[in-house]
Amino acid sequence: MKIIKSWCDFFMVLCMLFLTTACTKKTSVYIGQPLIDSILPGYADNGSDILLYGKNFNKIATENRITIRDVESPGTLITEDIIKVRIPPKTFDTNYLSAEVKIASHGREDLSVIYAPAYPRILSFSPEKIHIGEILTIKGLNFIPDPDKTIVYFMAAGGAGLRANITYIDTQTIKAIVPEKSISEYFMILVPRPNRSYKHILIDAPKKITIM
Numbered sequence: 001m002k003i004i005k006s007w008c009d010f011f012m013v014l015c016m017l018f019l020t021t022a023c024t025k026k027t028s029v030y031i032g033q034p035l036i037d038s039i040l041p042g043y044a045d046n047g048s049d050i051l052l053y054g055k056n057f058n059k060i061a062t063e064n065r066i067t068i069r070d071v072e073s074p075g076t077l078i079t080e081d082i083i084k085v086r087i088p089p090k091t092f093d094t095n096y097l098s099a100e101v102k103i104a105s106h107g108r109e110d111l112s113v114i115y116a117p118a119y120p121r122i123l124s125f126s127p128e129k130i131h132i133g134e135i136l137t138i139k140g141l142n143f144i145p146d147p148d149k150t151i152v153y154f155m156a157a158g159g160a161g162l163r164a165n166i167t168y169i170d171t172q173t174i175k176a177i178v179p180e181k182s183i184s185e186y187f188m189i190l191v192p193r194p195n196r197s198y199k200h201i202l203i204d205a206p207k208k209i210t211i212m
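Note that this note's numbering has the sequence shown beginning at 1, numbered continuously upward.
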């Protein structure tokens, strides 16, 4: 999940998912690029501790340079694959609901994202198997109850997005009619951010929906 300023940014994010970074050698010993596989918890407050799970971290804790939204935050090596780090104060506010977490070691770096508790998210949807024209109920957190600015997209063949008609919305529930020509795929929601420097936050479903 990313904060999207424009559809151009959205496609750039998709392209970035395919980029890979080659490994390097140092003094004839193979050293892998540090990789963050996951962050737990994925949603956390300013000042709270999070755990970075990954691989190829430097065994010398001070050699793992960690920044959160460009602020350095020293980590504690729990095991060779887990680092504990504290989110700096003022990382999140009403304008910033997500932050890049970067780790640099061995001359290479990797990044991931941590989210504020106020960041919108999809928790579940039902039914998971549905017919075109039926109403899908989406449960989540931090939706903006504005059916004109909130957009639910289903996918059509060829990758086109189909906007669904929203019949009900509050901060935790969205009901939307599955559009004609929808296919079994992930659906997504554009959540508006009024009076912010970016217009929408893009969130996607935790798994594919089956269109029967």
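Backbone N, C-alpha and C define an ideal beta-carbon position, used for all residues, glycine too.
In the DSSP output, what is residue i paired with across the bridge?
i	result
F92	Beta-bridge pairing links F92 to no other residue.
H131	BP columns for H131 are empty, so no partner.
N165	I177
E63	The partner list for E63 (beta bridge, DSSP) is empty, contrary to what the question assumes.
I103	I66 and D110
R121	L141
If I follow the unbroken beta strand (DSSP E) through residue i, where does it start and stop?
i	result
I82	I82 to R86
S73	Where S73 is concerned, there is no enclosing beta strand (DSSP E), given that its DSSP letter is neither H nor E.
M155	I151 to M155
G54	D49 to K55
D45	Unbroken run through D45: none, as it is neither H nor E.
I203	H200 to D204
I36	L35 to L40
S189	Per the sequence shown, the amino acid found at residue 189 is Ile instead of Ser. Residues M188 to P192.
Buried or exposed: which applies to residue i, given that a residue is buried once 16 or more other Cβ atoms fall within 10 Å of its Cβ?
i	result
G75	buried
A22	Only weak support exists for where A22 lies, its pLDDT of 37 falling under 50; the coordinates are left without a value.
D110	buried
T150	buried
S38	exposed
Y43	buried
Y115	buried
L52	buried
I60	exposed
H131	exposed
S28	At S28 the pLDDT is 31, less than 50, meaning the model places this residue with poor confidence; the figure from the coordinates comes in the next sentence. S28 should be labelled exposed.
I201	buried
Check each candidate in the options and name the one with the smallest Cα separation from residue i.
i	options	result
G161	I183, P127, L141 and V101	I183
I138	E109, I174 and I114	I174
A157	R86, D146, K181 and I169	K181
S98	T62, P41, E80 and Y119	Y119
R193	I68, D146 and G159	D146
V71	I203, E128 and T91	T91
I203	L190, T210, S124 and M212	L190
E63	I50, R86 and R108	R108
R69	V113, K208, T79 and T94	V113
P117	T94, F125 and T210	T94
K199	I169, F125 and Y96	Y96
D148	K129, Y168 and G159	Y168
Given residue i, which residues of its chain have a CB within under 7 Å of its CB, disregarding the five upstream and five downstream residues?
i	result
P206	I122
In chain order, what residues of the same chain have a beta carbon less than 6 Å from the beta carbon of residue i, not counting five sequence neighbours either side?
i	result
A176	L136, V152, A164 and I166
T67	K102
R65	A104
D49	K84 and R86
Between residue i and the rest of its own chain, which residues show a CB-CB distance below 8 Å, the 5 nearest in sequence each way excluded?
i	result
P89	N46 and G47
M155	G161, L162, S182, I183, E185, Y186 and F187
N56	I31, G32, Q33, P34, L35, S105 and H106
T171	L141, N142, F143, I144 and P145
G133	I177, V178 and E180
S208	The sequence as given places Lys at residue 208; Ser does not occur at that position. S184, E185 and Y186, listed in sequence order.
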